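Engineer: In our numbering, the protein residues as written are 62 to 337. Dropping a structure here in structure tokens format, bear with me for questions.
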């Protein structure tokens, strides 16, 4: 159980930080694409009895590089290229996985997560990968934010757009791979995007957003894992539902951008008729 808590904690923090950059660019689809893209590497690693985390990272980075290169063609929109590659990668992963004994159970574990089955080696891999990822993100924070806010301004300033895009794809890949065992392939997009969406409702400052999102991500992960242990329910689903509940609360009660705040604002600005 302690190993599961450590992995969920790191996954929540990393996904919160990286997800903020993804949300800033309006690229939620990239998370789903990468989650599918890592499947071939995980399948090959499973067949060869090697590290699933390393296999997923290698496959995800290779696919991210291919997407970044092909996306430079201005006739193709980025989401179109992403769709082509993630579908092909997922298909390849299913074919490879189907050749392995125990195919059904392994596929279910990949799709829905198996956080309680995490080994000590995986904890070390996730911890090291997560720490390195956070350091790189901090070092590239200013450049990534500039590109996320205005690509043309970033290009005019001489920033290497292609390599910054590639760096973001790579960071999304690592964040997703280290989170797969916690919530699974189907739900990992929620862990990447939902905490960032909550933070976006709570603040207009990008720096503060990237502090709030990992707190929400880690808190949702640990709460969901505890509920899973207490009620013997699926951990991945409860983690995502906890994050979603936080999002709904933020959407309703956020001080400046929540539903109630908007209604109070409209009431305050309404014209009050003058009584004789």
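Positions of the beta carbon are idealized from the N, C-alpha and C atoms, including for glycine. These numbers come from a predicted model, not from an experiment.
Measure the C-alpha to C-alpha separation of residue 285 and residue 178 and round it to an integer number of angstroms.
Structural biologist: Taking the straight line from one Cα to the other gives about 16 Å.
Engineer: Residue 246 by DSSP, collapsed to three states: which one?
Structural biologist: In this structure, residue 246 counts as helix in the three-state DSSP scheme.
Engineer: Output the boundary residues of the alpha helix (DSSP H) element that contains residue 298.
Structural biologist: First-last of the alpha helix (DSSP H) with residue 298: 296-314.
Engineer: For residue 81, does the three-state DSSP call read helix, strand or coil?
Structural biologist: Note: residue 81 maps to helix in three-state DSSP.
Engineer: Judging by CA-CA distance, which residue of 107, 65, 236, 79 is the nearest neighbour of residue 154?
Structural biologist: Per the Cα distances, 107.
Engineer: Looking at C-alpha atoms only, which residue of 274, 290, 151, 258 is the closest neighbour of residue 72?
Structural biologist: Comparing Cα-Cα distances from residue 72 to each of 274, 290, 151, 258, the minimum goes to 274.
Engineer: At a cut of 8 Å, does the segment 122-136 reach the segment 193-210 through at least three beta carbon pairs?
Structural biologist: Output reads no: the segment 193-210 does not touch the segment 122-136.
Engineer: Identify, in the order they occur along the chain, each residue of the same chain with its Cβ nearer than 8 Å to the Cβ of residue 93, setting aside the five sequence neighbours on each side.
Structural biologist: Excluding residues within five positions, the ones whose Cβ falls inside 8 Å are 147, 250.
Engineer: Rounded to the nearest angstrom, how far is the Cβ of residue 227 from that of residue 129, given a contact under 8 Å?
Structural biologist: At roughly 5 Å, the Cβ-Cβ gap stays under 8 Å, so residue 227 and residue 129 are in contact.
Engineer: Determine the extent of the alpha helix (DSSP H) in which residue 203 is found, giving its start and end residues.
Structural biologist: Per DSSP, residue 203 belongs to the alpha helix (DSSP H) from 202-210.
Engineer: Check for me: the alpha helix (DSSP H) holding residue 123 runs from which residue to which?
Structural biologist: 113-131 is the extent of the alpha helix (DSSP H) around residue 123.
Engineer: List the whole-angstrom C-beta distance separating residue 243 from residue 75, where the pair is believed to meet the contact cut-off of C-beta under 8 Å.
Structural biologist: Not confirmed; about 11 Å, so no contact.
Engineer: Taking the Cβ atom as the reference point for each residue, do residue 174 and residue 241 lie within a distance shorter than 9 Å?
Structural biologist: A contact, by the Cβ cut-off of 9 Å.
Engineer: Pull up the distance between the alpha-carbon of residue 340 and that of residue 255, whole angstroms please.
Structural biologist: With the chain covering only 62 through 337, there is no way to say anything about residue 340.
Engineer: Assuming residue 260 contacts residue 277 (C-beta within less than 8 Å), just tell me the rounded distance between them.
Structural biologist: About 7 Å; that satisfies the 8 Å criterion.
Engineer: Can you give me the start and stop residues for the alpha helix (DSSP H) that residue 220 sits inside?
Structural biologist: Element bounds for residue 220: n/a, residue is neither H nor E.
Engineer: Less than 9 Å between the C-beta atoms of residue 237 and residue 145, yes or no?
Structural biologist: Cβ atoms of residue 237 and residue 145: not closer than 9 Å.
Engineer: State yes or no: is the C-beta of residue 80 within less than 9 Å of the C-beta of residue 176?
Structural biologist: Taking 9 Å as the Cβ cut-off, residue 80 and residue 176 do not qualify as a contacting pair.
Engineer: Inspect the beta-carbon positions of residue 281 and residue 307 and report whether they are closer than 9 Å.
Structural biologist: In this structure, residue 307 lies closer than 9 Å to residue 281 by Cβ.
Engineer: Among 219, 300, 311, whose alpha-carbon lies nearest the alpha-carbon of residue 264?
Structural biologist: Selected option, being the one with the closest Cα: 311.
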